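Numbering (the working numbering), first residue to last: 4 to 98. Note sheet for the following structure.
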Amino acid sequence: MITPQNILRHELIGLFVSVESSPNMVEEGLSGVIVDETRNTLRIHTGNGIKCLEKQRKLLRVTLPDSVQVIIDGNALSVSPTRRVSMRVSPYRKV
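Structure representation (structure tokens):
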């Protein structure tokens with residue numbers, strides 16, 4: 004089960020995400036379902052198609068399957084999804 008404490012150890016594909024803050028003002032408020040993830044990017048299915056979003060320097064609001072919302076520092080996600088499993092601490096804030 005995905006919880007705020009172990010979110011970095013789980014698959015993010017299929018979760019709803021929105022950009023809370025970004026150096027690029029155009030990306031703020033962008034939201035949709037994560038359809039793919041690489042080491043540095045998320046591909047998000049929005050109402051206007053699929054957008055590629057860089058993870059670095061962003062705060063992301065992720066909605067878990069049980070509707071709990073979590074704010075994640077995108078820098079913490081900027082590692083390979085398979086390497087995140089070994090991370091000990093999850094930098095998150097429950098909303």
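From the three backbone atoms N, C-alpha and C, an ideal C-beta is built for every residue, glycine too. Only a predicted model underlies this, so the values are computations on that prediction, with no experimental measurement involved.
query = For I37, is the classification buried or exposed, using 16 other Cβ atoms within 10 angstroms of its Cβ as the cut-off for buried?
reply = buried
request  = Mind the definition here: the stretch 20–28 touches the stretch 59–69 only if three or more C-beta pairs lie below 8 Å; say whether that holds.
outcome  = yes
ask   = Among E40, V20, R42, which one has its Cα closest to the Cα of G32?
value = V20
ask   = Can you tell me whether DSSP reads R86 as helix, strand or coil?
value = helix
query = Exposed or buried, which one is G35 when buried takes at least 16 other CB atoms within 10 Å?
reply = buried
request  = Could you tell me which residues DSSP puts in a beta bridge with K54?
outcome  = I47
key: Test item: CB-CB of L45 and K58 under 9 Å   = yes
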